[in-house]
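Chemist: Take a look at the following structure, please.
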Amino acid sequence: MEGGKEKDAYTKACGIIEMDPSDLKKLGAWRGTNVRVTSKYGEVVVKAVEATQGPHPGLAYIPMGPWANSVVNPNTYSTGMPTFKGTPVEVEIAMNEPVLSSVHLVQKKCRGEA
Amino acid sequence: MSEYLIKNGFVFDPTQGIKGDKADIAVKDGKIVKSTEISSKAKTIDASGKTVMAGAVEIHAHIAGPKVNEGRNYRPEDKLFTYTPKGAGKRMAGGFSIPTTFKTGYEYARMGYTTAMEAAMPPLFARHVHEEIKDTPIIDEGAYPVFGNNWFVMEYLKNQEIENTAAYISWLLEVTKGVAIKVVNPGGTEAWGWGLNCLTIDDPVPYFDITPAEIVKGLIEANEYLGLPHSVHIHQNSLGNPGNYTVTLDTLKLAEKFKAKNKFGREQVLHSTHLQFHSYGGDNWGNFESKSKEVMDYVNTQKNITVDTGCVTLDETTTMTADGPFEHHLTELNHLKWANVDVELETAAGIVPYVYSPDIKVCEIQWAIGLEIALFTKDHMRTFITTDHPNAGPFIRYPRIIKWLMSAEARKERIDTFKHGAKMIEATHIAGIDRELTLYEIAQMTRAGPAKSLGMANLYGGLAPGMDADVVVYDFNPNTPHKPDDIEKAFSRAAYVMKTGVPVVIDGEVVNNGNKRTIWVHAKVNENPQVMRDIKDKFLRYYSVTQANYDVSKHFVPNPYVIEVDAT
Amino acid sequence: MSKSVTDVICPFCGTLCDDLEVIVSDDGKKIEDIYNACAIGAEKFMHAQAADRVKKPRMQQPDGTYKEVSYDEAVDYTAKMFHKARKPLMYGWSSTSCEAQSIGHEIAEKAGAIVDNTATVCHGTTLIAVQDVGIPSCTLGEIKNRADRIIFWGCNPCHAHPRHQSRYSIFPRGYFTNKGHKNRKMIVVDPRDSDTAKMADYHFKLEQGRDYELLSALRVALRNEPLPETVAGIPREKIIEVAEVLKSGRFGIIFFGMGVTQTLSKNHNIDNAIMLTKDLNEFTKFSIMAMRGHYNVTGSGQVLGWQFGFPYAVDLSRGFARYNPGETTSNDLLRRDEVDAIFVLGSDPGAHFPISSVRKIAKLPSVCVDPHITPTSEISKLHVPVAFVGVEVGGNCYRMDNVPIEARKVVDPPEGMLTDVEFLDRVNKRLDQLMGGKK
Amino acid sequence: METVTLTIKNQPTLYLEADTITPDNFSGKKASEIAALHAYEGRDQVTLGKYFEVSGEGGATAEDTRIVVKGNVSRVKYIGMKMTAGEILIEDNPDMYTGAWMHGGKLTVKGNVDAFAGIGMKGGEFVIEGNAGNYLGAAYRGDWRGMQGGVIRVKGKAGSDIGYFMNGGTIIVHGNTDVHVGTHMEGGKIIIKGNAPSKVGGQMVGGEIYVYGGIDVMMPGFKYAQDEELEVDGEKGNFSLFHGDTGERHPKRKGQIVYGKLYLRN
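Residue numbers (the working numbering), protein chains in the order written: chain W, -8 to 105; chain A, -14 to 553; chain R, 24 to 462; chain Y, 15 to 280.
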């Protein structure tokens, strides 16, 4: 994260969704499968990984960065703070779609291409 | 260089004993000079029909540092509809009870104050205090580091090690760029580390095996050993509690056996601050009453004590003090928002908003006590006007306090609008006092007196040749009839203020940001390897910062005025 | 010959460790090694040394690519943007020095800007809560020396503040805590089995979004009032047990993080946590502290505080300062199209704001001042690289407990590279010229 | 009573801050003088006349002055701020701070209001025929003195944080609300005729909250006291009374603890 946001390491650390092993199984995904995460507010392709800090069936976690922010609830309830935590999402397999780097993801979203 | 002649004003200068005589004040290169020393090119300021005094000196206010800023940040409602927009050469300025740094500088200057002391600097936060001082325009400022609950001080004084205490004080003044020894609720604030307090001068401090009385005596002794410009400056135990005047007298009596030793002309060994909060009788809020007479009868007999009033102004304000347990007590009483910071090894601080309402009996009595202290005073060179800003009210109310002190009619008008006037009169002396202070006495209480108590009488508070050219002209003619409100109006917006030779206020408006200085005291002592070892050890084991990152580096004090003391 | 620089401040997180030792090459240009830092902090220092670092300002071209421009052109573009805009947003300020913040505020006054810092998406809701109910707190050394009850609520210091537990909260042996972690009971509240939660004596694995109810329940338990069978998925008996544990300590502390500030109820969660702390002070001594993220977000709040009276989201557009989160906060301003230009320094909203806000930034005249290439720099009209504060230039910073610590310079910046202070100073002067002495 | 009609003719590109639109400011003024009153768009000081067609003139006093605001005012803030008397009718949807710090008079909005409407309200009558945003009748940041008096009636639904730090007066919402109703409430009355999802009456010290619909999750610090037959907003109903928030401090009166009251309609 402090090593450079255009770098692969950032994508590896944050372009992921941590899921409970039982949820992965239900989805038919393996560790490292690319998945599409969709909420009321947007969608993003990230890599599914097994939660290291678990277990928590039904609960998934995209750490931070533009991947998470593509799907979070921007409602601030007039406090200035978007509702970053607790957004209901759907996860589906997206085997053939790439996980974009932070810079590319944001650029594409801003151009309306993603 | 610049020369000025302030002509034909009615001059009040206690340092020279001038009591309203018409006189001219000559200024050359930032200093007061004899009229014969300036050339014909000197710029003339016509002060005829007006009052001329030296720049006023604030001896005790909370205007810079962590708790002041927490007060600002946690009270957005204190700024609501109070802002003055930016102007030519002036930053925007806002806040009522806790103004921004810019507003602090501007408002002091507009009232004719040219020097102010921040009354409680937590050493660990000294850098923050100086950052704010740097951003406060016009006025000279200094800050008192707090010592009364400091682990080094308590450990040395437990063994009566005065020399080590003095060496530690000398070190701390230098690394924090501090001015004097401040003591707040000695021992009680350390006890607050465990949620406890010391309410008398003999309550032992948990774990440290020392009493508040021993801390105060030891620090007085160390102060005089060093010969610092100011004396020990104390906020006593049991502040704000009914019946606390006995604790106050007990503490003041500790000064009796000490004598001032310094080269600065200071005569007192103890300055007792915001005495109003410490002059309470009764044993609960129901039978709460004034004990100002008992306290001032003692103070009047003791030349080695100076005091300031801590006058209640009857405003909504923000209380803030290093007396952590007191603020917890207050929030339990008024249920308003409470902020607290305990500072490792050193001190603590608390903040609670407070509404001094003229409809509440206790507040009315507190208002009376503050004024009574000033009115019972026999020697106005030893009693100074403060509001303990912002604790008893904001400093912008000084002109109103001056009005109340100079006019029995103004006091009566105020009392007449109180909801519990009759009960208040029963519990106080104020209604029976017809004394009206003179402009000369006001000049003593706001200029010459505090400057002398600070040991800075050679610089501030007077108009004698050689002193800093801090000169104020008020649009007030003492020889013509006036209404009480004219006093308040004149002192609120000075007609002309000069700070070290630079005109900073004209017709009540700031015209120049001046050449503000930060004052600190460099007290030289003999090398003391033991104390240096103790300091190193405490940083390694108990502090959360390294010793190398504790010093306030020089660039935080860009325009210093260093007072040198040699105690070797 | 290499030389060692000691007592170096780590410009990563709000823990602001000040005991790093950095080994620097003899010419003062290269960092060779770092001691005492956590992995993230060490990476921050090494990143400054990256060979592919951008060294010149870059202007976005119509096709979306970037072209190098001079610092003079960058200063001119930035000043003209401020001159033209009627309500610019100046966002970030958390990864820079107080000196830079102060010059930024001067520009903001002239431009009628809104100054907002990263608290707006981290602990802004904490600041709202503090304004509503206050905050009993302390410095980190107090915790090291006294604390025997430690709560981590919605935070995971094992990952986000790696040295927090060893330096201040769990392991150190202090004056009254000479047995280190054996003196302390640790309670973690987190819906996940985080690595921090795994170390705890008690772990409340609560339902997502029910922090407010659980905090209330602990307060009800302290007053011995009846409770429902479960609250937030936690059984009543457990809540009562933990309330007793908290009461029985001699000095307790609640640390909380974005797990509470960003969850439903937001400021109310913190408000209730503060009130729980206040309640506990009727039984023992208790404090509460926000685990601040960026190393100098606290400093931004301090400087804004003494200059304007508000800790973030300060609207100077009408020539005086106003503040109201929900209106003057970056994400509300962007969502509602309230601003007509954006200047970013010391943060990366492109990565940290919801994508709907980021799209708005991309459409506005925009300047991003950042040593790194970031998602923000790559959607801004102008990217201005600067020296790393805390590595290549010093400056004052404030730790999460508001303790001021002055960051040190360790190595020289690349030749010709401006610092934040230098760049802002030039923009300020250029803006004065453009305004012709007015405003 | 004289009527001044403001019809918006130019939309601001940013937002217009028009705290001068009150009967207090309009009284005693002709149309041309009203058009010359100041407003702000960003850092630019502008006049009302730049954005509004002004017709009619103010009455002799605020009490005798009625203002009708026509057209799309969704980018206009602060209409009716600090008004003390007279009437304002807004035919469309005004933005934030409508009727903020209102002291008296009557303010009617035909459409919806955005956040912070009626904050710090002290008196008067405020009717919103559409929906209200967040922080309706709430306190300004940091102030422990929220709504003190007056009546706010919302015919539609309301957002979160209504009646935050409320001390007096009445808020009636005919529809549903979002989370946090009457948080830190110390006095006054909130009536919700629809549902309130959760966090209702949290940290409540005093005052009354009525909920006719459902609450998904109750706060833990509310304990059932008794059922009561009451007349509320002109209609009779049977309610279950809960006392709370028991996690909060509560004053005592005549030896009895005084709780906040939460009434759920049976």
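All C-beta atoms in this analysis are idealised placements derived from N, C-alpha and C, irrespective of residue type, glycine included.
When the distance is taken between beta carbons, is Asn247 of chain A closer than 8 Å to Asp364 of chain A?
Modeler: Walking along the second sequence from the start, residue 364 of chain A turns up at place 379. Walking along the second sequence from the start, residue 247 of chain A turns up at place 262. Cβ distance not < 8 Å, so Asp364 of chain A and Asn247 of chain A don't count as in contact.
Chemist: Going by C-alpha to C-alpha distance, which of R:Lys67, R:Lys79, R:Val31 sits closest to Phe446 of chain R?
Modeler: Within the third sequence, numbered from 1, the residue matching residue 446 of chain R stands at position 423. Considering only alpha carbons, the answer is R:Lys79.
Chemist: With a threshold of 8 Å, are at least 3 pairs of Cβ atoms found where one atom belongs to the stretch 382 to 396 of chain A and the other to the stretch 321 to 335 of chain A?
Modeler: Touching, no, given that fewer than three Cβ pairs across the two stretches are closer than 8 Å.
Chemist: So, for Ala206 of chain Y: in the same chain, excluding its five sequence neighbours on each side, which residues have a beta-carbon less than 6 Å away from its beta-carbon?
Modeler: Your numbering for residue 206 of chain Y matches position 192 in the fourth sequence. Checking the sequence, you will find Ile at residue 206 of chain Y rather than Ala. The answer, listed in chain order, is Val187, Thr191, Val225.
Chemist: Where do the ends of the beta strand (DSSP E) carrying Ala245 of chain A lie?
Modeler: For this step, residue 245 of chain A is matched to residue 260 along the second sequence. Premise fails: Ala245 of chain A is in no beta strand (DSSP E) and is neither H nor E.
Chemist: Going by other Cβ atoms of all chains shown within 10 Å of its Cβ, with 16 needed for buried, is Pro(-1) of chain A buried or exposed?
Modeler: Mapped onto the second sequence, residue -1 of chain A falls at position 14. Classification for Pro(-1) of chain A: buried.
Chemist: Ignore the nearest five residues each way along the sequence and tell me which others in Lys404 of chain A's own chain have a CB closer than 6 Å to its CB.
Modeler: Within the second sequence, numbered from 1, the residue matching residue 404 of chain A stands at position 419. The residues are Asp344.
Chemist: Mapping DSSP to helix, strand and coil, what is Leu109 of chain A?
Modeler: For this step, residue 109 of chain A is matched to residue 124 along the second sequence. Helix at Leu109 of chain A.
Chemist: Over what stretch of residues does the beta strand (DSSP E) that includes Arg233 of chain R continue unbroken?
Modeler: Counting from 1 along the third sequence, the entry for residue 233 of chain R is found at position 210. It is not in any beta strand (DSSP E) - Arg233 of chain R carries neither H nor E in the DSSP assignment.
Chemist: In the DSSP assignment, find the unbroken beta strand (DSSP E) run with Tyr129 of chain A in it and report its ends.
Modeler: To locate residue 129 of chain A, count along the second sequence from 1; it is residue 144. Note, Tyr129 of chain A: beta strand (DSSP E), 125 to 130.
Chemist: On the three-pair Cβ rule with 8 Å, is the stretch 298 to 306 of chain A touching the stretch 268 to 280 of chain A?
Modeler: Contact fails: fewer than three Cβ-Cβ distances are below 8 Å.
Chemist: Please confirm whether Leu424 of chain A and Gly34 of chain A have their CB atoms less than 8 Å apart.
Modeler: Locating residue 424 of chain A in the second sequence gives position 439, counting from the first residue. Locating residue 34 of chain A in the second sequence gives position 49, counting from the first residue. Against a cut-off of 8 Å, the Cβ pair of Gly34 of chain A and Leu424 of chain A comes out as no contact.
Chemist: For the stretch 285 to 302 of chain R against the stretch 142 to 158 of chain R, are there 3 or more C-beta pairs whose distance is under 8 Å?
Modeler: They touch, by the three-pair rule.
Chemist: Residue range of the alpha helix (DSSP H) that Tyr210 of chain A falls in?
Modeler: In the second sequence, the residue the question calls residue 210 of chain A occupies position 225. Start and end: 197 to 211.
Chemist: Taking Leu245 of chain R as the query, report the chain A residues whose CB atoms sit under 8 Å from its CB, ordered along the chain.
Modeler: Residue mapping note: residue 245 of chain R aligns to position 222 of the third sequence, counting from 1. Chain A residues near Leu245 of chain R: none, gap ~15 Å exceeds 8 Å.
Chemist: Can you confirm whether Tyr93 of chain A, when its beta carbon is compared against all beta carbons of chain Y, has any partner nearer than 8 Å?
Modeler: The sequence position of residue 93 of chain A within the second sequence is 108, counting from 1. Closer than 8 Å: no.
Chemist: Helix, strand or coil: how does DSSP classify Gly116 of chain Y here?
Modeler: In the fourth sequence, residue 116 of chain Y corresponds to position 102, counting from 1. In the sequence on display, residue 116 of chain Y carries Met and not Gly. The answer is coil: DSSP assigns Met116 of chain Y none of H, G, I, E or B.
Chemist: With 8 Å set as the bound, which would you pick, yes or no: does the beta-carbon of Ser69 of chain W sit closer than that to a beta-carbon of chain Y?
Modeler: For this step, residue 69 of chain W is matched to residue 78 along the first sequence. Interface residue, yes.
Chemist: At least one CB of chain W closer than 8 Å to the CB of Ser370 of chain R: is that the case?
Modeler: In the third sequence, residue 370 of chain R corresponds to position 347, counting from 1. Closer than 8 Å: no.
Chemist: I'd like the span of the beta strand (DSSP E) that includes Ser30 of chain W, first residue to last.
Modeler: Here residue 30 of chain W corresponds to residue number 39 of the first sequence, with the count starting at 1. Element bounds for Ser30 of chain W: 25 to 30.
Chemist: Can you pull the chain R residues whose beta carbon is under 7 Å from the beta carbon of Arg57 of chain A, in chain order?
Modeler: Position 72 of the second sequence, counted from the first residue, corresponds to residue 57 of chain A. Per Cβ cutoff of 7 Å: Gly328, Trp329, Gly332.
Chemist: Using Cβ-Cβ distances below 8 Å, what residues of the stretch 137 to 163 of chain Y are close to chain W?
Modeler: Going along the stretch 137 to 163 of chain Y in chain order, one finds Gly147, Asn148, Tyr149 with a Cβ nearer than 8 Å to chain W.
Chemist: Between which two residues does the beta strand (DSSP E) carrying Thr70 of chain W extend?
Modeler: Walking along the first sequence from the start, residue 70 of chain W turns up at place 79. Premise fails: Thr70 of chain W is in no beta strand (DSSP E) and is neither H nor E.
Chemist: With H, G and I counted as helix, E and B as strand and the rest as coil, what does DSSP make of Glu357 of chain A?
Modeler: The sequence position of residue 357 of chain A within the second sequence is 372, counting from 1. Helix at Glu357 of chain A.
Chemist: Let me make sure I understand the geometry here. Which of R:Tyr89, R:Gln84, R:Phe35, R:Thr442 has the alpha-carbon closest to that of Glu66 of chain R?
Modeler: One-based indexing of the third sequence puts residue 66 of chain R at position 43. Residue R:Phe35 is the option with its Cα nearest to Glu66 of chain R.
Chemist: What are the residues that DSSP puts in a beta bridge with Gly335 of chain A?
Modeler: Residue 335 of chain A sits at position 350 when you count from the first residue of the second sequence. Gly335 of chain A pairs with A:Thr306, A:Asn325.
Chemist: Of all the CB atoms in chain W, is at least one closer than 8 Å to the CB of Ser212 of chain Y?
Modeler: Indexing the fourth sequence from 1 puts residue 212 of chain Y at position 198. Chain W contact via Cβ: absent.
Chemist: Pull the bridge partners of Ile166 of chain A from the DSSP assignment, please.
Modeler: Here residue 166 of chain A refers to the residue found at position 181 when the second sequence is read from its first residue. In DSSP, Ile166 of chain A forms no bridge with anything.
Chemist: Could you have a look at Asp31 of chain A and say whether DSSP puts it in helix, strand or coil?
Modeler: Reading the second sequence from its first residue, position 46 is the one you call residue 31 of chain A. Three-state result, Asp31 of chain A: strand.
Chemist: Identify whether Asn145 of chain Y lies in helix, strand or coil by the three-state DSSP scheme.
Modeler: Working through the fourth sequence from its first residue, we reach residue 145 of chain Y at position 131. Correct three-state label for Asn145 of chain Y: coil.
Chemist: Relative to chain Y, which residues along the stretch 266 to 292 of chain R have a C-beta separation below 8 Å, given in chain order?
Modeler: The stretch 266 to 292 of chain R vs chain Y, Cβ under 8 Å: Leu287, Ser288, His291.
Chemist: Quick check: is the beta carbon of Arg263 of chain Y nearer than 8 Å to any beta carbon in chain A?
Modeler: For the purposes of this step, residue 263 of chain Y is identified with residue 249 of the fourth sequence, where counting begins at 1. Arg263 of chain Y counts as touching chain A.
Chemist: When the cut-off is 8 Å and only beta carbons count, does Val28 of chain W lie next to chain B?
Modeler: In summary, chain B is missing from the structure at hand, where the protein chains are W, A, R and Y.
Chemist: Can you name the residues that DSSP bridges to Arg279 of chain Y?
Modeler: The residue given as residue 279 of chain Y occupies position 265 in the fourth sequence. DSSP lists Y:Phe253 as partners of Arg279 of chain Y.
Chemist: Quick one: measure Cβ to Cβ for Leu112 of chain R and Val320 of chain R, integer angstroms, because I've assumed they're closer than 8 Å.
Modeler: By 1-based counting over the third sequence, the position of residue 112 of chain R is 89. By 1-based counting over the third sequence, the position of residue 320 of chain R is 297. With a Cβ gap of about 17 Å, Leu112 of chain R and Val320 of chain R do not count as contacting.
Chemist: Got a sec? Which residues, its chain only, sit under 7 Å from Lys462 of chain R by beta carbon, not counting five neighbours each side?
Modeler: Against the third sequence, residue 462 of chain R aligns to sequence position 439. Any answer about Lys462 of chain R is weak, because its pLDDT of 43 lies below 50 and its placement is not dependable; what the coordinates show is given next. So the list reads Lys133, once near-sequence residues are dropped.
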